[in-house]
Every structure is written in structure tokens, then in C-alpha cells.
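Reviewing the structure listed below.
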Amino acid sequence: MVKHSKYHLGIEIDRLTNSIINTISGDSFPTDVHPVTKTDLKVTTRKNGWLFNWAGEFKLTDRQLFKLTIRNNPDIVQGLLSISDYNDHFYLHLIESAPFNLGRNKLYEGVPGNLFAFTCKISWDKGYQGFISFTSKTKLIEHYERTLGATHIGGQKMIIFPQEALKLIKKYFPA
Numbered sequence: 133m134v135k136h137s138k139y140h141l142g143i144e145i146d147r148l149t150n151s152i153i154n155t156i157s158g159d160s161f162p163t164d165v166h167p168v169t170k171t172d173l174k175v176t177t178r179k180n181g182w183l184f185n186w187a188g189e190f191k192l193t194d195r196q197l198f199k200l201t202i203r204n205n206p207d208i209v210q211g212l213l214s215i216s217d218y219n220d221h222f223y224l225h226l227i228e229s230a231p232f233n234l235g236r237n238k239l240y241e242g243v244p245g246n247l248f249a250f251t252c253k254i255s256w257d258k259g260y261q262g263f264i265s266f267t268s269k270t271k272l273i274e275h276y277e278r279t280l281g282a283t284h285i286g287g288q289k290m291i292i293f294p295q296e297a298l299k300l301i302k303k304y305f306p307a
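Counting from 133, one number per residue, gives the positions in the sequence shown under my numbering.
Rendered as C-alpha cells:
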């Protein structure tokens, strides 16, 4: 049985790029997305400034957790993602930028958009045409419509349909 998420996404999309961008130098860095390991969970803790209990999320059998890293630097986690395969689309339960990528003094921009695009890509690769859904905080519904092309389908539920998913995929994963 699918366990629905208790979370409402509250992360803002700061910038859509094909990488992540250092806010100090303006340099762009290519990224990779990898499954989260138990070793990653030792550093992605509330004690280290992360907002969510990723170890608890890791234990849920219906969840797949991924980390965003800068290419060739897999030990520094830039952001985390928790998703589930609902057999016709992927549901995005939780997304979080690393503590050093939050607020006015963040180190890198582009982390959330990167993780949304990755979710669309694995949905596309699985044959779901890029369909993803998520539950938004009310105040961010219009933001997700504007930045991601997401569609509000009632309540706080949102969907990214194939046309918009393909735009994100092409931006972040050019052929």
C-alpha cells in the first residue's frame, strides 16, 4: 500500500539552469544525481542543519532517495530528494537543499530545479511521459506554476504534465 506524504513542499525554485551556479563566482558546475547511501545519512542530519529527518525517510520502503552532487565531488551533498513510483507517475514527497544552499547567503543556485528535472527524467525513462505530482504549500502554488510549469489540480496537489516535464528534462539533461 502506498503511504502518502505528510509533507507539503515549501522549497522555492531559485533558478532554472543546466547545472548549479556558485553565487559568489558565477561559475557553473555540472551535477550528478545518485542514490542516497547510509553514509550520506550521517552528514544529512538535523544536527548539521538539515530540516528533515532523512534517516527516517530512508527507512520507508516505498521511497527512493537521491542526492545531488557536483560532478567528481560525490561526497558533498548539495540537495536531497524523496520520491515514490506510483506505477503511472512519480510522486515527489520531499526535496531539500543543503543548509549552505539556503537563504540570501546560499552558496549555489539551481539545486531544487535540478532535482525536479531529475524526477521528470526518471518518470520519462520509466515510460510515464515525465508525469510527476507533489503537494505544495499554499503560498507556493503560483510560484511552482510560474517556475516549473506545474498545474494546480485542486487543494494543494500539483502535477507536472509531459510538455512541461520535457522542457525541464531538455534544460537539465541535454542530449
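Using N, Cα and C, we set each Cβ at its ideal position, and we do this for glycine too.
From a predicted model like this one, the values you see are computed outputs, not experimental measurements.
- CA-to-CA, the gap between Asn-204 and Phe-161 works out to about 10 Å.
- In this structure, DSSP gives Ile-156 a state outside helix and strand, which the three-state scheme calls coil.
- Membership of Ile-202 in the beta strand (DSSP E) is indicated by the continuous run 196-202.
- In the structure shown, Thr-283 falls within a strand segment according to DSSP collapsed to helix, strand and coil.
- It is roughly 16 Å from the alpha-carbon of Tyr-276 to the alpha-carbon of Glu-241.
- The alpha-carbon of Asn-246 is positioned some 11 Å away from that of Lys-302.
- Counting only the Cα atoms, Phe-266 lies some 10 Å from Ile-285.
- In terms of Cβ geometry, Gln-210 and Val-243 form a close pair [threshold 8 Å].
- Rounded to whole angstroms, Thr-177 and Leu-183 show a C-alpha spacing of 8 Å.
- If you draw a straight line from the Cα of Ile-264 to the Cα of Tyr-223, it is about 6 Å long.
- Inter-residue distance for His-225 and Phe-248 is about 11 Å (C-alpha atoms, whole angstroms).
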